[in-house]
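Student: Using this note's numbering, read the sequence shown as starting at 1 and increasing by one per residue.
All C-beta atoms, glycine included, are put in the ideal place defined by N, C-alpha and C.
On a predicted model such as this, the values are computed, not experimentally measured, just so you know.
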Amino acid sequence: MLMNAKRNRMIAFLLAILMAFSIIYVDAPIVEAAGKTALAKTSGSVVIGGTQTVKVKNAPKGASITYKSSKKSVAKVTGKGKVTGLKAGTAKITVTVKKGKSKKNLIYKITVKKPKLSKNSFTVGVGKSVVLAVKNKPGKSVKAKYKWTSSNKSVAAVTSKGKVTGKKEGTATVKVKVSVGKKLSYTLSCKVKVGAGQARKIYTVVFDSNGGSSVPSQSVEEGQAVQRPGDPTKSGYRFDGWYSDQALKSAYDFSEKVTADRTLYAKWEAVQARKYTVTFNSNGGSSVSPQNVEEGQAVQRPGDPTRSGYLFGGWYSDPALQYAYDFSAKVAADLILYAKWEAVPPSVYTVTFISNGGSEIPAQAVEIGGRAVKPEDPVRKDYTFVGWYADEEKKTEFDFGSTIAADTLLYAKWQLNEDADFDLGKVEELVGDGVIEVAQNNDTSIRFIDGGFSNKKIQNQDDALYVLERVSPVLTGSGENVADTVGSVEVTTEDDGTGIRESYYLFTAEVGGIPVEGSDIILVAGENHTPEGLVNSYKEGIKDIDTQPDETVENNVESIIKEDILAQAREQWGTGISMEDLNSLAFEKKLVIYAMGDEEPMLAWRVSVREDTSASEGSTIEELGGELSSDDVLSFFCVNYYIAANGVDGGEIITRISSAQGAWEASMSSGEDIKGVSREFSCQRDDKKFRMVDPVRKISTYQTLFTSSGLFGLGKQTAVVPGQLVEKGLLGWNKKAVSAHYFMAKVWDYYRQNLGRVSYDGHGADIRLSVEYVPNSSNAFTWLVEAFGDDNACWSPYYRQFMFYNTGGNEAALDICGHEFTHAVINTIVGGQDLSRTLTYQGESGALNESYADILGCLIEGKTGNGRWLISEDGTNGAVRDMSDPSRYGQPEHYDDREQGTDDDGGVHSNSGIFNFAAYKMMTDKRTSGISDVTWARLYIRSLRKLATDATFEDAALAVLSTAKTLGFTYEQREAIRDAYKEVGIIKEEAIRIVLQWGAAPDDLDAHLVGPTVDRKEKFHVYFDEPEYEHPDENAKEKYVADLDFDSAEGNGKEIISIRALTPGDYYYYVHNYSDRESTYSTELSASRATVKVYRGNSNEFLKTVDGTDASFNVDTSKDATLWSVLHIQIDEERNIRITPVHAYGYHSDEDTVGQ
1 MLMNAKRNRM
11 IAFLLAILMA
21 FSIIYVDAPI
31 VEAAGKTALA
41 KTSGSVVIGG
51 TQTVKVKNAP
61 KGASITYKSS
71 KKSVAKVTGK
81 GKVTGLKAGT
91 AKITVTVKKG
101 KSKKNLIYKI
111 TVKKPKLSKN
121 SFTVGVGKSV
131 VLAVKNKPGK
141 SVKAKYKWTS
151 SNKSVAAVTS
161 KGKVTGKKEG
171 TATVKVKVSV
181 GKKLSYTLSC
191 KVKVGAGQAR
201 KIYTVVFDSN
211 GGSSVPSQSV
221 EEGQAVQRPG
231 DPTKSGYRFD
241 GWYSDQALKS
251 AYDFSEKVTA
261 DRTLYAKWEA
271 VQARKYTVTF
281 NSNGGSSVSP
291 QNVEEGQAVQ
301 RPGDPTRSGY
311 LFGGWYSDPA
321 LQYAYDFSAK
331 VAADLILYAK
341 WEAVPPSVYT
351 VTFISNGGSE
361 IPAQAVEIGG
371 RAVKPEDPVR
381 KDYTFVGWYA
391 DEEKKTEFDF
401 GSTIAADTLL
411 YAKWQLNEDA
421 DFDLGKVEEL
431 VGDGVIEVAQ
441 NNDTSIRFID
451 GGFSNKKIQN
461 QDDALYVLER
471 VSPVLTGSGE
481 NVADTVGSVE
491 VTTEDDGTGI
501 RESYYLFTAE
511 VGGIPVEGSD
521 IILVAGENHT
531 PEGLVNSYKE
541 GIKDIDTQPD
551 ETVENNVESI
561 IKEDILAQAR
571 EQWGTGISME
581 DLNSLAFEKK
591 LVIYAMGDEE
601 PMLAWRVSVR
611 EDTSASEGST
621 IEELGGELSS
631 DDVLSFFCVN
641 YYIAANGVDG
651 GEIITRISSA
661 QGAWEASMSS
671 GEDIKGVSRE
681 FSCQRDDKKF
691 RMVDPVRKIS
701 TYQTLFTSSG
711 LFGLGKQTAV
721 VPGQLVEKGL
731 LGWNKKAVSA
741 HYFMAKVWDY
751 YRQNLGRVSY
761 DGHGADIRLS
771 VEYVPNSSNA
781 FTWLVEAFGD
791 DNACWSPYYR
801 QFMFYNTGGN
811 EAALDICGHE
821 FTHAVINTIV
831 GGQDLSRTLT
841 YQGESGALNE
851 SYADILGCLI
861 EGKTGNGRWL
871 ISEDGTNGAV
881 RDMSDPSRYG
891 QPEHYDDREQ
901 GTDDDGGVHS
911 NSGIFNFAAY
921 KMMTDKRTSG
931 ISDVTWARLY
941 IRSLRKLATD
951 ATFEDAALAV
961 LSTAKTLGFT
971 YEQREAIRDA
981 YKEVGIIKEE
991 AIRIVLQWGA
1001 APDDLDAHLV
1011 GPTVDRKEKF
1021 HVYFDEPEYE
1031 HPDENAKEKY
1041 VADLDFDSAE
1051 GNGKEIISIR
1061 ALTPGDYYYY
1071 VHNYSDREST
1081 YSTELSASRA
1091 TVKVYRGNSN
1101 EFLKTVDGTD
1111 ASFNVDTSKD
1121 ATLWSVLHIQ
1131 IDEERNIRIT
1141 PVHAYGYHSD
1151 EDTVGQ
């Protein structure tokens, strides 16, 4: 196929700006004022604490200007361009000038330097002085404070102005702490050597402690002052100072200069010996009286307490009963000692039935060695009883044929009936029961459910739709029926070799026959075919979209795209292409509703623009002499444009997305790869001919061809893929083809053997590889190489093709082969078999696409040494990313530092480092040391099933945690995963959920929470009459700081209070017997069997108390009271949570003043 040079340039331009598997927002060129919009200066420097203002010249009138620092830890910038240096280093300030839909980004480089002292070191004589000064101070406009100190004042003293005076021979370090504001400070230092000066007379000062502890004498130079020593001690006395006379009349002045030997005398005042209280906590035994013990004396061992059914085991110094108390020890503080008890085996045991919201079941007394009798099933509205379980998590069903060997608690397990109304109340019940965990949006709609939420058997798509209709009220803030918009249902059953089977129902939306992109719902069914999870990315408002396209826009989409290409070419590259050069492009348009991310849904034309040169004829690079001319370009691409189809934005480009991501018999052959290593691989043979086709894995490897234009083929060269099937020549195999073919087979085997997946689609799809894909030319377009590079690799879902570029040697890197193969796997899992859908390559979903590919590539490679976490380290150009140290290659390591602009399609390539870093942290955590690479791979691949096409980092973290539970990861292992996501900022502070439950009586127990307001100036009180404390900042992530989620007043009740925004301070939780509040003697509360449990967020995982036990508390059955003060929660500045049991009881009649 022939192409002219201008057309070649056009194609190259498109590929340069639409990089492999990337999406970018289209920014119109800014209309500038007279003169070019630019920065007055493009670089500058400041010292730490110093400031500098970035100035823009010739900005369009009315334009908005914003500023952003690439490294907020090095330099911060205000909305007016004022830059402040924070630590030594360099940062880029991105200045965005925007007017309407036009914008321009300008870059200002700021270097932050650390100030220096006028001297790094010096020598001074005794009695001599030198003045130090801070060079390059932050400036007069900056309020800085300077605090001078000496490490050894007896050698070198320093004044507040930096004047250093030698005192005696020796060395010291003089430091100055520079403080700018309240938060910024740094220290500079200088080494000082003090040499011999004029000899001075030395006098001896003796300290007579008058019966107190010994105080060493001091040698003091003439004219110097005595250093005040530490106070001596004397039993029964208080030290009252040093005196210069034995009569203790004249107190000594330590600022006085010494001129002779002298003795100082200690003065004492007799005091009564201090006494401490020793309290004996008998832990349910008979009372033991406290003792008052003088300081330094020992406690008298009291008589042993008694307790029915127990033997006394001694006194201990800690409540956990780990350390036996030594009664010979001297007392130096108030003390609590704790009694330890050993139970005497009873003659009968009690089996208690916890019905979890069902009808009450009486406890049973069972003789030793006897068996509990299975009672009649409890009943509960809207639920079906599943059975009695031996553990609170309800994982182990109780065997009524087993003998009872201890007091036993049995827990009722329930399953929501398929016909029950499913609303937020039911969600709270299921969360409170520990059945499900959920994640909510700000409008209270549910975006993620993990756990069984219905007993409906899902055997087909109709059953799945029925479940979707039942849960629909909680999936949107308005409660609209999302099932009305279901356009198609795709069903996949996972079989990854774990033996744990799940089915996934992918619902894609459709309105008026028009498909919706970005409003998917995924329903997960477990092995018993009941719902076990749900992922919701439904977008409210899609039903209201006007589905009638504007005819003018429809007729002009090709012109709009061509004009955009020309404008981008002129603005970004200044390249000369014309409208005529674009006539060879092919356009395929489809009407869709675009609803990706947080954008408002809109009707759009999705237009596929492509230039396909799939002709089979052409020349290899070798046949062309190994070098191509400066106009040689790549002519293989497909781009999807999205253009608003109607309304006020009709004809506007929303975004654009590249689809590139990167009669024979079976035989074996071997060949040398590009690193000189001999590789054996499968191929096909016909007599003496060999070709690179793996008949088992269906992998075919091609060499890219190039067509020629011009007379005798001496004109421009154009790449053609897949190209020519590689055959073995007289000199052997193509080395690049050997690497690509061999390593892709390794990846195929890994997926098949460890993940149960045959080829990338799971159904044995053919695999086509092309090598030598980009011209190997030193004089190729500079801008093409800089923007796109010729050392890349990519997967194209449009053509179902893998390509390895001509340089970079990525085909020799097993992790890169795994990376590109995983892009194809993601394509078929997240998007289903429709390969136009995947984790959208934009913002966080695009960064996830890159990160998942990196993680799987790393695990497939399976290294254990230095290259364990590097990506592409075996390519000829070396590593491009480091999962263990993302900043090494310019990637952020924390969510707060992520790229949030439109550059790099919202940080697709840079932000992937954050999710990578979390993977590194969890995989190197000691708590996960027993997890193999294969298990990690299964975890990540399986979690893809729970991601929508526009998934966020938090969505992926929830999917990974949910999948870890499905795969049987332990609590500690899941905590390691959760902590990794917390450390990189993906999972923010989590809510604290406090659940109160009680039996049939009394009717109404109330939960009360008292805590600090957001400004910490007052207290809030959440209870039934004030169920919500709303966040004062309407833009806060959480609408409520704390709220009463669920209230009950009918016995067998439950109340749930959540702390959603963790303000540092003290929180107190109470249970109040509202039914009997006026009573002055009541045992209803103690007989209620009330329990209080504290969980992490919407999970069923307990938070821990200060002694490491589960935060689960039972009412004391021996206490008469109407108010139970249950627990104290402390939250520090780092949002660490400390829970301390209180267990105080009393009477209180006024519900409004509980805790006040």
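(1) Tell me whether lysine 926 sits in a helix, a strand or coil according to DSSP, three-state version.
(2) With distances taken Cα to Cα, identify the nearest neighbour of lysine 119 among Ala604, Met596, Val130.
(3) Around the C-beta of asparagine 1073, are 16 or more other C-beta atoms found within 10 angstroms, so that it is buried, or is it exposed?
(4) Would you decide whether serine 478 is buried or exposed? Buried here means 16 or more other CB atoms lie within 10 Å of its CB.
(5) When you compare only the Cα positions, how much space is there between leucine 947 and histidine 1128?
(6) Indicate whether arginine 974 and leucine 958 have their beta-carbon atoms separated by less than 8 Å.
(7) In the DSSP assignment, find the alpha helix (DSSP H) that holds aspartate 1004 and state where it starts and stops.
(8) Under the DSSP definition of a beta bridge, which residues are partnered with isoleucine 521?
(9) Let me know the secondary structure DSSP gives glutamate 588 once reduced to three states.
(10) May I ask you to list the residues that DSSP assigns as paired with alanine 1036?
(11) Near glycine 285, what residues of its chain come up, given a Cβ to Cβ distance below 8 Å and the 5 sequence neighbours on each side ignored?
(12) Could you have a look at methionine 579 and say whether DSSP puts it in helix, strand or coil?
(13) Within the continuous alpha helix (DSSP H) that includes serine 851, where are the two ends?
(14) Are alanine 412 and isoleucine 354 closer than 8 Å when you measure CB to CB?
(15) Looking at the unbroken alpha helix (DSSP H) that takes in methionine 744, where does it start and where does it end?
(16) Is the separation between the beta-carbon of aspartate 433 and that of asparagine 356 shorter than 8 Å?
(17) Buried or exposed: where does proline 473 fall if 16 or more other Cβ atoms within 10 Å of its Cβ makes it buried?
(18) Which residue comes first and which comes last in the beta strand (DSSP E) that contains isoleucine 449?
(19) Checking 8 Å against the spacing of the C-beta atoms, do glycine 85 and glycine 50 come in under that value?
(20) Does the beta-carbon distance from valine 486 to leucine 506 come in below 8 Å?
(21) What span of residues does the beta strand (DSSP E) with phenylalanine 1113 cover, start to end?
(22) Compute the beta-carbon to beta-carbon distance between valine 1071 and alanine 1007, rounded to the nearest angstrom, for a pair I have assumed lies under 8 Å.
(23) What are the boundary residues of the beta strand (DSSP E) that valine 1022 is part of?
(24) Skipping 5 residues on each side, what residues in its chain have a beta carbon closer than 6 Å to that of alanine 765?
(25) Identify whether aspartate 1152 lies in helix, strand or coil by the three-state DSSP scheme.
(26) Let me know the alpha helix (DSSP H) ranges lying completely inside the segment 919-969, each 4 residues or longer, listed in chain order.
(27) Would a C-beta distance cut-off of 8 Å place isoleucine 361 and proline 345 closer than the cut-off?
(28) Who are the Cβ neighbours of serine 282 in its own chain at under 6 Å, not counting the five residues just before and after it?
(29) With a threshold of 8 Å, are at least 3 pairs of Cβ atoms found where one atom belongs to the segment 1008-1020 and the other to the segment 941-955?
(30) Pick from Asp1047, Val1014, His1021: whose alpha carbon is nearest that of glutamate 1034?
(31) Three or more C-beta pairs closer than 8 Å, one from the segment 821-831 and one from the segment 882-901: is that the case here?
(32) Contact defined as beta carbons within less than 8 Å: I believe valine 158 pairs with threonine 149. What is the distance between those atoms, to the nearest angstrom?
(33) If you draw a straight line from the C-alpha of glutamate 256 to the C-alpha of glutamine 224, how long is it?
(34) Tell whether a beta-carbon distance below 8 Å holds between isoleucine 1139 and leucine 1103.
(35) Would you call the CB atoms of lysine 736 and valine 771 closer than 8 Å?
(36) Among the residues of its own chain, which have a CB less than 7 Å from the CB of alanine 951, if the five just before and after it don't count?
Tutor: If we stick to the structure as given:
(1) Helix.
(2) Minimum Cα distance to lysine 119 is reached at Val130.
(3) Buried is the call here.
(4) Per the 10 Å Cβ criterion, exposed.
(5) Whole-angstrom Cα-Cα distance: 38 Å.
(6) No, Cβ-Cβ distance for arginine 974 and leucine 958 is not below 8 Å.
(7) In this chain, aspartate 1004 is not harboured by any alpha helix (DSSP H), its DSSP state being neither H nor E.
(8) For isoleucine 521, which the question treats as bridged, DSSP gives the partners Phe507, Asn536.
(9) Annotated three-state conformation of glutamate 588 is strand, per DSSP.
(10) The partner list for alanine 1036 (beta bridge, DSSP) is empty, contrary to what the question assumes.
(11) The answer, listed in chain order, is Pro305, Thr306, Arg307, Tyr310, Phe312, Ala339, Trp341.
(12) Reduced to three states, the DSSP call for methionine 579 is helix.
(13) Run containing serine 851: 843-861, per the alpha helix (DSSP H) assignment.
(14) Against a cut-off of 8 Å, the Cβ pair of isoleucine 354 and alanine 412 comes out as a contact.
(15) Element bounds for methionine 744: 735-755.
(16) In contact: aspartate 433 and asparagine 356 (Cβ atoms closer than 8 Å).
(17) Under this definition proline 473 is a buried residue.
(18) Per DSSP, isoleucine 449 belongs to the beta strand (DSSP E) from 446-450.
(19) Yes. Within cutoff.
(20) For the 8 Å CB-CB criterion, valine 486 and leucine 506 do not form a contact.
(21) Counting along the chain, the beta strand (DSSP E) containing phenylalanine 1113 begins and ends at 1112-1114.
(22) With a beta-carbon spacing of about 6 Å, valine 1071 and alanine 1007 fall inside the 8 Å limit used to define contacts.
(23) First-last of the beta strand (DSSP E) with valine 1022: 1019-1022.
(24) If the five residues before and after alanine 765 are omitted, its C-beta is found closer than 6 Å to the C-beta atoms of Ser759, all from its own chain and listed in chain order.
(25) Helix.
(26) 933-943, 953-966, all fully within the segment 919-969.
(27) Result no, Cβ atoms of isoleucine 361 and proline 345 do not sit closer than 8 Å.
(28) Taken in chain order, the residues that qualify are Val288, Pro305, Ala339.
(29) Counting Cβ pairs under 8 Å, fewer than three are found: no touch.
(30) Put simply, of Asp1047, Val1014, His1021 the residue whose alpha carbon is nearest the alpha carbon of glutamate 1034 is Val1014.
(31) Output reads no: the segment 882-901 does not touch the segment 821-831.
(32) The distance from the Cβ of valine 158 to that of threonine 149 is about 7 Å, consistent with a contact at the 8 Å cut-off.
(33) Per the coordinates, the alpha-carbon of glutamate 256 lies some 8 Å from the alpha-carbon of glutamine 224.
(34) One thing to note: isoleucine 1139 has its Cβ within 8 Å of the Cβ of leucine 1103.
(35) A contact, by the Cβ cut-off of 8 Å.
(36) Closer than 7 Å at Cβ, skipping near neighbours: Leu839, Ser845, Leu848.
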